[in-house]
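> After the structure tokens below, expect a handful of questions from me.
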Amino acid sequence: MASSPLSSSLHTRLPALAFSGTLQVLAVIYFALGSEAIGAGESIGRQIPYLIGLSLLGSATLLFRVAPFTRAVVLTIRFLCGFIIGYAMEGRFGTELLIYLSVLVESIVVFPAAFAISASVIMTMVAALWKQPSSAWGEVISGPRLSDRVLFAAIMFAFTAILLYWRTAVSAVHRTSEQVDRLDHAVRRLTKANLSYQDRALSVEIQAAEEERNRISRDIHDSVGYTLTNIIMLTRFAERIAGVDLRQLDETLTKIGEQAKNGLDDMRVALRKLRSTRVDRVSGNRSIARLIAEYERATDVRVRVYFANASWPPNSPIDDAVFHVVQEGLTNAFRHGQASQVWVQFWRENDELFVTVEDNGRGASDYEIGIGLQGMRERVEMIGGILRAESRSTGFRVNARIPLPAGVFRS
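Numbering (the numbering used here), first residue to last: -6 to 404.
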């Protein structure tokens, strides 16, 4: 027998089972206050609390993950408890109705809708149609009146309709929640892929520039080496003919000048090429500003950044640590906290740099340290710093305290 999708979640089962238990407690109170006349005498009257207690015990077993067959047995026993109680009440439905309603609640939660509808029909037919005047426990038990039968059936079917509507609404919320989780997972993967792509793109750009510079350096080496070799050979030749053949000496000196000029021209061309292929690695405040601009453009999350008096060595381990603290803080704000605004602050006190990334997203008192946060902490601790994370009801905050080398310039 298939299970209801709601039965897999304790968060869904617990409120429903609590409501079922409340209905059964009301049945006990209703019976104890003497609201129903016990037609079968005191013998069965003394047994009714035990039957209700057995029904409550059956409900408690559904708090745990049990097999569908076990659930069906439990609900059947509870139905029989309600039936016996109702049979002893000379057709009065109060206590019996509360028991049956609690059975309906549980059948809606732990079984498919078809089972709950079938249970509602069966209980209604048994209680409203099957009961006829008879004798039990040495007493004559009258059957229920027609008006009571109609009222009982109306309440049962109305309650069934309400429970089915509730089930549909909860199922829709459950499906929406699953879709949100899947979309959130997809956003996390896309965000991670986007950051990796940016890192790879920058790495490829730098690598291509390095290769071009190396090629130009080889060209410079070959050109300048060839030119200088010619100049050296011509100079030695000029030394030998000096004072011997002035005309040839003039020609040789002219050639030396031409070689030097050609070498200088080649050097200038190579340097222009080298300068045009230069890729400056963005670092320091510029790298943070570019990261934030790309983040705002991609996520529509507003970021306020304050640099205050902060400065740190560019293209250094400190620079890398600061960049990744801000990068991971922004990613977490969007991915986990679903924030709409983030504040990034930098300031410096003496020889220490302080970095704070704070958002207005969903905080949690029992958050777990993930790979990203652990990676941030390791980067900061590798350069002698301290990183702390704090989750509050108003959002998440990451604080980094990083020591700066003595003599670092101040801005």
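The beta-carbon is built from N, C-alpha and C at its ideal position, and this holds for glycine as well.
Nothing here was measured: the structure is a model prediction, and the numbers come from that model.
(1) Tell me whether P310 sits in a helix, a strand or coil according to DSSP, three-state version.
(2) Taking F327 and T292 to be in contact with their CB atoms under 8 Å, please state how far apart those CB atoms are, rounded to whole angstroms.
(3) Would you decide whether I41 is buried or exposed? Buried here means 16 or more other CB atoms lie within 10 Å of its CB.
(4) If distances are taken between C-alpha atoms only, which option among V337, L397, G388 and H317 comes closest to G377?
(5) In angstroms with no decimal places, state the Cα-to-Cα distance between A106 and S113.
(6) Under 8 Å by Cβ, that's how I've got D352 and A332 pegged, so tell me the actual separation to the nearest angstrom.
(7) Check whether the region 209 to 224 and the region 253 to 264 touch, using three or more Cβ-Cβ pairs below 8 Å as the test.
(8) Once DSSP output is grouped into helix, strand and coil, what is the label at D243?
(9) So N392 is in the beta strand (DSSP E); what residue range does that whole segment cover?
(10) Can you tell me whether Q40 is helix, strand or coil according to DSSP?
(11) Pop quiz: T88 and Y23 are said to be a contact at Cβ under 8 Å. What is the actual Cβ separation, rounded to whole angstroms?
(12) Would you mind giving the Cβ-Cβ distance between I92 and R160, rounded to the nearest angstrom? I have them listed as a contact below 8 Å.
(13) Return the chain-ordered list of same chain residues with a C-beta closer than 7 Å to the C-beta of T406, the five sequence neighbours on each side being excluded.
(14) Taking DSSP's pairing of strands, which residues face I379 in a bridge?
(15) Rank T15, R6, C74 and A11 by C-alpha distance to the C-alpha of V59 and give the top, closest one.
(16) Quick one: grab the DSSP three-state call for S13.
(17) Taking the alpha helix (DSSP H) that F108 falls in, what are its first and last residues?
(18) Can you tell me the Cα-Cα spacing of N302 and R341, whole angstroms?
(19) To which residues does DSSP link D344 through a beta bridge?
(20) With a 10 Å radius around its C-beta and 16 neighbouring C-beta atoms as the bar for buried, classify V166 as buried or exposed.
(21) Between which two residues does the beta strand (DSSP E) harbouring V409 extend?
(22) Alpha carbon to alpha carbon, how far is L257 from F230? Give it in angstroms, no decimals.
(23) Round the Cβ separation of R64 and F104 to the nearest angstrom and send it over; I've been treating them as touching at under 8 Å.
(24) Going by alpha carbons, who is nearest to A53 out of I77, I78, Q17 and L73?
(25) Considering H355, what are the terminal residues of the beta strand (DSSP E) in which it resides?
(26) For the candidate residues L94, I249, T220 and L366, whose alpha-carbon lies nearest to that of S13?
(27) Could you tell me the boundaries of the beta strand (DSSP E) in which R295 lies?
(28) Rounded to a whole number of angstroms, what is the C-alpha to C-alpha distance between V98 and F62?
(29) Measuring straight from C-alpha to C-alpha, what distance separates V373 and Q320?
(30) Keeping to the same chain, check which residues put their C-beta closer than 8 Å to that of V217; ignore five residues upstream and five downstream.
(31) Spatial neighbours of L227 within its chain, please: C-beta separation below 6 Å, excluding the five flanking residues on both sides.
(32) Does the beta carbon of P306 sit closer than 9 Å to a beta carbon anywhere in chain B?
(33) Taking the CB atoms as reference points, tell me whether L90 and I155 lie closer together than 9 Å.
(34) Report, in whole angstroms, the separation of the C-beta atoms of L10 and L56, which I expect to be a contact under 8 Å.
Reading from the atomic positions:
(1) helix
(2) 5 Å
(3) Residue environment analysis places I41 among the buried positions, since at least 16 neighbouring C-beta atoms fall within 10 angstroms of its C-beta.
(4) The option with the nearest alpha carbon to G377 is L397.
(5) Those two C-alpha atoms are separated by around 11 Å.
(6) The C-beta distance from D352 to A332 rounds to 4 Å, short enough to meet the 8 Å contact threshold.
(7) yes
(8) helix
(9) Its beta strand (DSSP E) spans residues G388 to P396.
(10) coil
(11) 6 Å
(12) Not a contact, Cβ separation roughly 20 Å.
(13) The chain is shown only over -6 to 404; residue 406 falls outside these bounds and no answer can be derived.
(14) Answer is R394.
(15) R6
(16) helix
(17) A106 to M118
(18) 6 Å
(19) Paired residues: none, contrary to the question.
(20) exposed
(21) Nothing can be reported for residue 409, as the shown portion of the chain is limited to -6 through 404.
(22) Distance between F230 and L257, taken at the CA atoms: about 22 Å.
(23) 7 Å
(24) Nearest of I77, I78, Q17 and L73 to A53, Cα basis: Q17.
(25) The amino acid at residue 355 is misidentified as His; the sequence shows Arg. Counting along the chain, R355 falls outside any beta strand (DSSP E), and DSSP gives it neither H nor E.
(26) L94
(27) R295 to Y299
(28) 18 Å
(29) 13 Å
(30) Closer than 8 Å at the Cβ level, and outside the excluded window around V217, lie G256, D259 and M260.
(31) T245, K248 and I249
(32) No chain B is part of this structure, which consists of one protein chain only.
(33) no
(34) 6 Å
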